[in-house]
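Numbering (our numbering), first residue to last: 225 to 382.
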(Lines of atoms letter the chains of each structure in order from A; the text may use other names.)
(Lines give C-alpha, C1' and ligand atoms only; values in the text may rest on other atoms or scores of the structure.)
Protein backbone atom coordinates (compact mmCIF):
# COMPACT_ATOMS: atom_id res chain seq x y z
CA UNK A 225 0.00 0.00 0.00
CA UNK A 226 2.84 2.34 -0.96
CA UNK A 227 0.32 4.97 -2.09
CA UNK A 228 -1.01 5.50 1.45
CA UNK A 229 -1.21 9.21 2.24
CA UNK A 230 -1.53 10.43 5.81
CA UNK A 231 -2.62 13.95 6.66
CA UNK A 232 -4.21 15.80 9.55
CA UNK A 233 -7.64 17.39 9.45
CA UNK A 234 -9.13 19.12 12.49
CA UNK A 235 -6.73 17.24 14.74
CA UNK A 236 -7.57 13.81 13.30
CA UNK A 237 -5.27 11.58 11.30
CA UNK A 238 -6.76 10.87 7.88
CA UNK A 239 -5.31 8.08 5.74
CA UNK A 240 -6.16 7.66 2.08
CA UNK A 241 -5.10 5.52 -0.85
CA UNK A 242 -5.46 6.82 -4.40
CA UNK A 243 -6.31 3.96 -6.82
CA UNK A 244 -7.60 4.29 -10.37
CA UNK A 245 -8.25 7.99 -9.97
CA UNK A 246 -10.45 7.48 -6.89
CA UNK A 247 -9.84 7.96 -3.18
CA UNK A 248 -10.20 5.08 -0.73
CA UNK A 249 -10.34 5.94 2.97
CA UNK A 250 -8.39 3.80 5.44
CA UNK A 251 -9.38 3.74 9.11
CA UNK A 252 -7.97 2.11 12.21
CA UNK A 253 -11.29 2.30 14.07
CA UNK A 254 -14.71 1.33 12.68
CA UNK A 255 -16.30 4.02 14.89
CA UNK A 256 -14.69 6.66 12.65
CA UNK A 257 -16.54 5.46 9.53
CA UNK A 258 -19.29 7.65 8.07
CA UNK A 259 -22.81 6.49 8.86
CA UNK A 260 -24.28 6.45 5.34
CA UNK A 261 -24.06 7.88 1.84
CA UNK A 262 -25.63 11.10 0.59
CA UNK A 263 -28.92 9.50 -0.52
CA UNK A 264 -30.75 6.23 0.04
CA UNK A 265 -29.21 5.04 -3.26
CA UNK A 266 -25.60 5.70 -2.22
CA UNK A 267 -23.41 3.10 -0.57
CA UNK A 268 -19.83 1.96 -0.19
CA UNK A 269 -17.63 -0.98 -1.04
CA UNK A 270 -15.23 -1.92 1.73
CA UNK A 271 -12.43 -4.26 2.71
CA UNK A 272 -12.01 -5.13 6.40
CA UNK A 273 -8.98 -6.88 7.88
CA UNK A 274 -10.06 -9.96 9.85
CA UNK A 275 -6.97 -11.75 11.11
CA UNK A 276 -5.01 -12.97 8.07
CA UNK A 277 -7.90 -12.34 5.69
CA UNK A 278 -10.05 -9.50 4.47
CA UNK A 279 -13.81 -9.33 4.08
CA UNK A 280 -14.97 -7.54 0.94
CA UNK A 281 -18.52 -6.26 0.88
CA UNK A 282 -20.89 -3.38 0.19
CA UNK A 283 -23.41 -1.50 2.29
CA UNK A 284 -25.51 1.64 2.45
CA UNK A 285 -25.02 1.96 6.23
CA UNK A 286 -21.25 1.78 6.60
CA UNK A 287 -20.69 2.43 10.31
CA UNK A 288 -23.51 0.09 11.35
CA UNK A 289 -22.20 -2.67 9.06
CA UNK A 290 -18.60 -2.35 10.26
CA UNK A 291 -19.69 -2.42 13.91
CA UNK A 292 -21.70 -5.56 13.17
CA UNK A 293 -18.69 -7.22 11.52
CA UNK A 294 -16.46 -6.25 14.46
CA UNK A 295 -18.92 -7.73 16.96
CA UNK A 296 -19.36 -10.92 14.97
CA UNK A 297 -15.60 -11.34 14.53
CA UNK A 298 -14.93 -10.91 18.24
CA UNK A 299 -17.86 -12.99 19.53
CA UNK A 300 -17.76 -15.91 17.10
CA UNK A 301 -14.18 -16.26 15.96
CA UNK A 302 -12.21 -14.36 18.62
CA UNK A 303 -10.76 -12.20 15.84
CA UNK A 304 -10.27 -8.47 16.00
CA UNK A 305 -10.99 -6.16 13.10
CA UNK A 306 -7.86 -4.46 11.79
CA UNK A 307 -7.77 -1.60 9.33
CA UNK A 308 -10.82 -0.81 7.25
CA UNK A 309 -10.72 0.57 3.70
CA UNK A 310 -13.80 1.95 2.00
CA UNK A 311 -14.65 3.75 -1.19
CA UNK A 312 -16.26 7.09 -1.70
CA UNK A 313 -20.05 6.95 -1.58
CA UNK A 314 -21.58 5.89 -4.91
CA UNK A 315 -24.75 4.33 -6.33
CA UNK A 316 -23.28 1.32 -8.16
CA UNK A 317 -21.78 -0.25 -5.02
CA UNK A 318 -23.49 -3.63 -5.60
CA UNK A 319 -21.93 -3.94 -9.05
CA UNK A 320 -18.52 -2.90 -7.71
CA UNK A 321 -18.70 -5.51 -4.95
CA UNK A 322 -19.33 -8.18 -7.60
CA UNK A 323 -16.36 -6.92 -9.64
CA UNK A 324 -14.15 -7.14 -6.54
CA UNK A 325 -15.39 -10.64 -5.63
CA UNK A 326 -14.81 -11.85 -9.19
CA UNK A 327 -11.36 -10.22 -9.36
CA UNK A 328 -10.22 -11.80 -6.10
CA UNK A 329 -12.03 -15.16 -6.51
CA UNK A 330 -8.77 -17.15 -6.50
CA UNK A 331 -8.11 -15.87 -2.96
CA UNK A 332 -11.58 -16.73 -1.61
CA UNK A 333 -11.23 -18.75 1.62
CA UNK A 334 -14.88 -19.78 1.94
CA UNK A 335 -18.10 -19.49 0.00
CA UNK A 336 -18.71 -16.05 1.48
CA UNK A 337 -16.85 -12.79 1.38
CA UNK A 338 -13.53 -13.73 3.02
CA UNK A 339 -10.36 -13.58 0.96
CA UNK A 340 -6.82 -14.68 1.86
CA UNK A 341 -5.28 -11.28 1.21
CA UNK A 342 -3.84 -8.48 3.29
CA UNK A 343 -5.13 -4.96 2.81
CA UNK A 344 -1.83 -4.11 1.10
CA UNK A 345 -2.33 -6.97 -1.38
CA UNK A 346 -5.92 -5.83 -1.93
CA UNK A 347 -4.72 -2.39 -3.01
CA UNK A 348 -1.87 -3.83 -5.07
CA UNK A 349 -4.32 -5.97 -7.08
CA UNK A 350 -7.53 -3.95 -7.07
CA UNK A 351 -9.16 -3.54 -10.49
CA UNK A 352 -10.26 -0.20 -11.85
CA UNK A 353 -13.74 0.62 -10.54
CA UNK A 354 -16.17 3.34 -11.59
CA UNK A 355 -17.89 5.16 -8.74
CA UNK A 356 -21.13 6.50 -10.22
CA UNK A 357 -23.85 8.82 -8.98
CA UNK A 358 -27.08 7.62 -10.58
CA UNK A 359 -29.29 8.84 -7.74
CA UNK A 360 -31.38 11.22 -9.90
CA UNK A 361 -32.15 8.45 -12.40
CA UNK A 362 -32.98 5.97 -9.64
CA UNK A 363 -35.20 8.49 -7.85
CA UNK A 364 -36.97 9.28 -11.13
CA UNK A 365 -37.74 5.60 -11.71
CA UNK A 366 -38.96 5.24 -8.13
CA UNK A 367 -41.23 8.27 -8.54
CA UNK A 368 -42.75 6.86 -11.75
CA UNK A 369 -43.31 3.49 -10.07
CA UNK A 370 -44.94 5.16 -7.07
CA UNK A 371 -47.28 7.22 -9.28
CA UNK A 372 -48.31 4.12 -11.25
CA UNK A 373 -48.96 2.14 -8.07
CA UNK A 374 -50.97 5.02 -6.65
CA UNK A 375 -53.06 5.15 -9.84
CA UNK A 376 -53.52 1.37 -9.82
CA UNK A 377 -54.65 1.29 -6.20
CA UNK A 378 -57.05 4.20 -6.70
CA UNK A 379 -58.46 2.68 -9.93
CA UNK A 380 -57.22 5.44 -12.23
CA UNK A 381 -55.38 4.79 -15.46
CA UNK A 382 -52.44 6.99 -16.38
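Ideal Cβ placement from N, Cα and C applies to all residues, glycine included.
No experiment lies behind these values; they were computed from the predicted model shown.
Residue 307: not part of any alpha helix (DSSP H); member of the beta strand (DSSP E) spanning 305-310, first to last residue. Here the alpha carbons of residue 375 and residue 241 stand approximately 49 Å from one another. Here residue 335 has no same chain residue with a Cβ atom under 7 Å from its own Cβ, once five neighbours each way along the sequence are excluded. When the five nearest sequence neighbours on each side are left out, the beta carbons in the same chain lying within less than 8 Å of the beta carbon of residue 278 are those of 271, 272, 338, 339, 341, 342, 343, 346, in order along the chain. Excluding sequence positions up to five before and after residue 247, its CB lies within less than 7 Å of the CB of 240, 312, all in the same chain and listed in chain order. Counting only residues of its own chain and dropping the five nearest sequence neighbours on each side, residue 356 has a CB closer than 6 Å to the CB of 314, 315, 316. Taking the Cβ atoms as the reference, residue 308 lies roughly 5 Å from residue 251, within the contact range of under 8 Å. In the structure shown, residue 277 adopts extended strand secondary structure according to DSSP, grouped into three states.
Distance from residue 285 to residue 259 at the Cβ level is roughly 7 Å; contact confirmed, criterion being Cβ atoms closer than 8 Å.
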